[in-house]
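Comments concern the structure below.
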Amino acid sequence: MPEDRPKRPILSLKPGARTSLPDFPTPPPALWKCKPCGTTVEVVYNAIGDVRCTACNARLGKAEDFLAKPPNVDKLRARPAPKKPPAAPPPRPRRGDRL
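Written out as structure tokens, the structure reads:
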């Protein structure tokens, strides 16, 4: 490569330019019930390897089977936990009650 060519300038970003992707919220952990003991187990979205129950230490299955869409329930020793009902609104004060 001949050296008589002029060097190209090094490109740089403008000040204040965004250099990274925005921070996306992490998805909530999936809730499962351990079949041997009935404890609720959380499986995070980036789990790897084996998933074990925190109470009885039973091997519940592989993280890939939990995180598959739809989950491969034939290979798991856990069942999906029921969804938590929304919190009830606080009772309204009755007439005549003072705060």
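The sequence shown maps to residues 1080 to 1178 in the numbering used here. Positions of the beta carbon are idealized from the N, C-alpha and C atoms, including for glycine.
At the C-beta level, Val1120 and Pro1108 stay beyond 7 Å of one another. Here the alpha carbon of Leu1139 sits roughly 7 Å from the alpha carbon of Cys1132. If you look at Leu1092, you'll find it isn't in any alpha helix (DSSP H); DSSP assigns it neither H nor E. Straight-line spacing of the CA atoms in Ala1167 and Gly1095 works out to 46 Å.
In this structure, the CA atom of Ala1160 is about 53 Å from the CA atom of Leu1090.
Going by beta carbons, Lys1112 and Arg1158 fall inside the 7 Å limit.
Scanning the stretch 1087-1156 for uninterrupted beta strand (DSSP E) segments of 3 residues or longer gives 1109-1113, 1119-1122, 1129-1131 and 1138-1141, listed from N- to C-terminal end. With respect to the 7 Å criterion, Ala1147 and Val1130 are not classified as neighbours on the basis of their beta carbons. As DSSP reads the structure, Arg1171 sits in no beta bridge. Under the three-state reduction of DSSP, Pro1159 is assigned to strand.
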